[in-house]
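Working notes for the structure below.
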Amino acid sequence: MSTAAHPLPYAAPYGTPRGRPRAAFPWVPAFIIFQLLCQLALISGDIGWGRMLVRMAAFGASLALVVGLRGRGSAHPASGPAVLALVVLGICVFHPETASLMGGMAQVGLYAAVLGPLFWVPRLTSIDLRMLRRAVVILWGFHTLSAGIGVLQVYRPGTFTPPVSAVIESKGTGYVESLKITTATGQRVFRPMGLTDVPGGAAISGLYAVLLGVGFFLTRRTPGAMAASLASIGLGVACLYLSQIRALVVMTGISLVAVAAVLVWRRDVRRLSTLVAGLGVMVLAGYLAARNMAGVDVANRMQTLVRNRPTQVYYENRGRFLEDALFKTLPNAPFGEGLGHWGMTATYFGGGEAAKEVWVEIQWAGWIVDGGAPLLATYLLAIAVALLTTWRTARARPPSPEAHDLPFWGAIVLAYSVGATALTFSYPIFLSQSGMEFWLLNATLFAAARHARRSAAGGLPAP
3 MSTAAHPLPY AAPYGTPRGR PRAAFPWVPA FIIFQLLCQL ALISGDIGWG
53 RMLVRMAAFG ASLALVVGLR GRGSAHPASG PAVLALVVLG ICVFHPETAS
103 LMGGMAQVGL YAAVLGPLFW VPRLTSIDLR MLRRAVVILW GFHTLSAGIG
153 VLQVYRPGTF TPPVSAVIES KGTGYVESLK ITTATGQRVF RPMGLTDVPG
203 GAAISGLYAV LLGVGFFLTR RTPGAMAASL ASIGLGVACL YLSQIRALVV
253 MTGISLVAVA AVLVWRRDVR RLSTLVAGLG VMVLAGYLAA RNMAGVDVAN
303 RMQTLVRNRP TQVYYENRGR FLEDALFKTL PNAPFGEGLG HWGMTATYFG
353 GGEAAKEVWV EIQWAGWIVD GGAPLLATYL LAIAVALLTT WRTARARPPS
403 PEAHDLPFWG AIVLAYSVGA TALTFSYPIF LSQSGMEFWL LNATLFAAAR
453 HARRSAAGGL PAP
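Here the sequence shown stands for residues 3 to 465, numbered as in the numbering used here.
Below, the structure is given as structure tokens:
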């Protein structure tokens with residue numbers, strides 16, 4: 003009997019069903035779940051020194067994937083400028099004013115961890131639109147739950163409220179009291195924390211609940227899915243108003259305008275009109291619910307955004323930090339002031355009490371302090387290239403009928419990215435987990451769009 007006509011059983015890989023390739027491991031959803039578990043660990047109670055380990059684990063996982071994960075996918079266009087930014091930071095470790103060698107290396111590691119998804123996600127050729135949807139569903143579900151819990155924390159004071167971060171409490175009674183709002187019944191409660199340990203931390207979840215709710219509203223047509231999307235938007239809006247963090251309210255508004263702009267560009271009048279109608283109802287419902295719970299505090303806080311010109315409002319709140327960074331710090335230190343002078347790296351790995359401390363409120367100031375003009379230019383270039391890449395996906399036609407909703411997810415990722423970029427003028431977002439999610443969403447969309455194009459052209463690599 004010929005063995006050629008009847009292949010031997012051991013010709014197939016052991017334990018693998020013949021003719022059925024093994025499914026690729028869902029790295030992106032798994033990474034998101036790990037990040038969310040780290041966030042939940044921080045609100046589980048007093049974990050003492052374990053808090054630093056949890057924070058390090060959240061960012062260390064990104065670095066581990068950059069080093070250990072291999073693949074044959076093409077690089078994201080923004081990876082070139084991102085590498086240049088890391089090279090600038092590597093040189094700045096040896097800046098004469100760097101707080102300490104450990105502090106400088108920790109700061110470079112933090113930047114690399116935040117940028118990490120930009121490098122390891124596009125390597126994976128298995129990331130398709132289904133995996134993008136799965137990742138978005140996980141984020142949407144978690145942040146909608148967090149926003150809902152944040153609303154309940156105000157509606158039922160003392161319910162679902164986690165312990166406040168020890169770092170917040172260490173800043174004194176006056177600072178802690180400033181993080182509270184007065185409810186309609188006269189009680190003083192913390193701004194919604196949601197599934198975080200920071201008063202007002204639920205505002206980030208409110209942003210995600212609104213934007214990702216809009217994404218599902220645009221891409222789903224079943225009554226149940228559309229109702230869930232609208233409920234998510236309403237919860238997110240109420241949470242944003244109750245948190246009273248005006249920068250995130252503005253970021254949400256900018257993001258929604260970006261979604262509308264993409265729909266206008268695509269001449270998708272039907273979706274645009276449906277979105278405007280649905281958003282209008284839920285924004286009003288969310289505002290009324292927040293005002294019913296927190297009284298005039300909500301109205302007074304939001305009115306400060308329109309009492310004066312937008313430029314004047316920004317200058318009085320964060321504009322001074324931008325002015326100081328561009329016209330004082332940058333001319334005096336065009337190549338930065340060294341690393342390890344601000345943020346969590348200074349707290350954990352700084353040069354001790356003798357080290358210089360720099361107060362950084364906005365991302366632009368952080369870039370200038372850490373690497374001066376070279377870091378500012380290279381990082382902004384990386385962001386610009388990422389936005390352009392995502393815009394190309396959002397404006398393009400779907401490469402196949404199976405990927406019909408790819409442009410709309412491109413619009414949502416673009417909207418979030420535009421809003422996150424705007425937030426750099428108010429908060430150092432690109433040294434936080436929110437910054438890492440910026441690069442994760444952009445890189446995942448890029449990989450899913452590449453997979454869809456190759457699938458449509460019949461050019462996918464063999465498993």
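Ideal Cβ placement from N, Cα and C applies to all residues, glycine included.
Excluding the five sequence neighbours on either side, which residues of its own chain have a C-beta within less than 6 Å of the C-beta of residue i, listed in chain order?
{"i": "residue 253", "result": "421, 424, 425"}
{"i": "residue 21", "result": "Low confidence applies here, because residue 21 scores a pLDDT of 46, under 50, leaving its location unreliable; read the following figure in that light. The answer is none, since no qualifying residue turns up."}
{"i": "residue 106", "result": "95, 100, 341, 342"}
{"i": "residue 238", "result": "149, 208, 211, 212"}
{"i": "residue 449", "result": "123, 124, 129"}
{"i": "residue 287", "result": "236"}
{"i": "residue 144", "result": "38"}
{"i": "residue 452", "result": "none"}
{"i": "residue 413", "result": "261, 264, 396"}
Per DSSP, what are the beta-bridge partners of residue i in this structure?
{"i": "residue 190", "result": "184"}
At a cut-off of 7 Å, is residue i close to the ligand FAD when judged by its beta-carbon and the heavy atoms of the ligand?
{"i": "residue 147", "result": "Among the components of this structure there are no ligands whatsoever, and the ligand FAD is therefore not found."}
Can you give me the Cβ contacts of residue i inside the same chain, cut-off strictly under 7 Å, excluding the 5 residues immediately before and after it?
{"i": "residue 459", "result": "none"}
{"i": "residue 53", "result": "44"}
{"i": "residue 443", "result": "415, 418"}
{"i": "residue 446", "result": "30, 123, 129, 134, 137"}
{"i": "residue 323", "result": "363, 364, 367"}
{"i": "residue 64", "result": "115, 118, 119, 438"}
{"i": "residue 373", "result": "90, 91, 94, 338"}
{"i": "residue 293", "result": "300, 301"}
{"i": "residue 227", "result": "218"}
{"i": "residue 60", "result": "37, 40, 435"}
{"i": "residue 380", "result": "83, 86, 87, 90"}
With residue i and residue j assumed to form a contact (beta carbons below 8 Å), what rounded beta-carbon distance in angstroms separates them?
{"i": "residue 216", "j": "residue 261", "result": "6 Å"}
{"i": "residue 200", "j": "residue 170", "result": "6 Å"}
{"i": "residue 548", "j": "residue 265", "result": "What the structure shows of the chain is the stretch from 3 to 465, and residue 548 is not part of that stretch, so it cannot be assessed."}
{"i": "residue 214", "j": "residue 138", "result": "6 Å"}
{"i": "residue 75", "j": "residue 127", "result": "5 Å"}
{"i": "residue 383", "j": "residue 300", "result": "Not quite, the Cβ-Cβ distance comes to about 39 Å (not below 8 Å), so this is no contact."}
{"i": "residue 146", "j": "residue 257", "result": "Not confirmed; about 16 Å, so no contact."}
Excluding sequence positions up to five away, which residues of its chain have a Cβ less than 8 Å from the Cβ of residue i?
{"i": "residue 291", "result": "153, 236, 240"}
{"i": "residue 11", "result": "Low confidence applies here, because residue 11 scores a pLDDT of 39, under 50, leaving its location unreliable and the question unanswered by this model."}
{"i": "residue 221", "result": "407, 410, 411"}
{"i": "residue 17", "result": "Its pLDDT being 42, under 50, residue 17 is placed unreliably by the model, and the measurement read from it follows with that caveat. If we look at residue 17 and ignore the five residues flanking it on each side, it has no Cβ neighbours."}
{"i": "residue 56", "result": "40, 43, 44, 49"}
{"i": "residue 92", "result": "110"}
{"i": "residue 320", "result": "249, 363, 364, 427, 428"}
Checklist entry - Quick one: complete alpha helix (DSSP H) runs, 4+ long, within the stretch 425 to 463? => result 435 to 459
Item to check | Runs of alpha helix (DSSP H) wholly within the stretch 124 to 161 (minimum 4 residues, chain order) | outcome: 131 to 157
Next on the checklist: Which complete alpha helix (DSSP H) runs does the stretch 74 to 130 hold, if anything under 4 residues is left out?
Outcome noted: 81 to 94, 103 to 117, 119 to 122
Item to check | In chain order, each alpha helix (DSSP H) run of at least 4 residues that lies wholly inside the stretch 329 to 359 | outcome: Along the length of the stretch 329 to 359, whole alpha helix (DSSP H) runs at least 4 residues long occupy 345 to 351, reported in chain order.
Next on the checklist: Below 8 Å, how does it come out for the stretch 161 to 177 and the stretch 109 to 123: are there three or more Cβ pairs, yes or no?
Outcome noted: no
Item to check | alpha helix (DSSP H) segments (min. 4 residues) lying fully within the stretch 205 to 265 | outcome: 225 to 245
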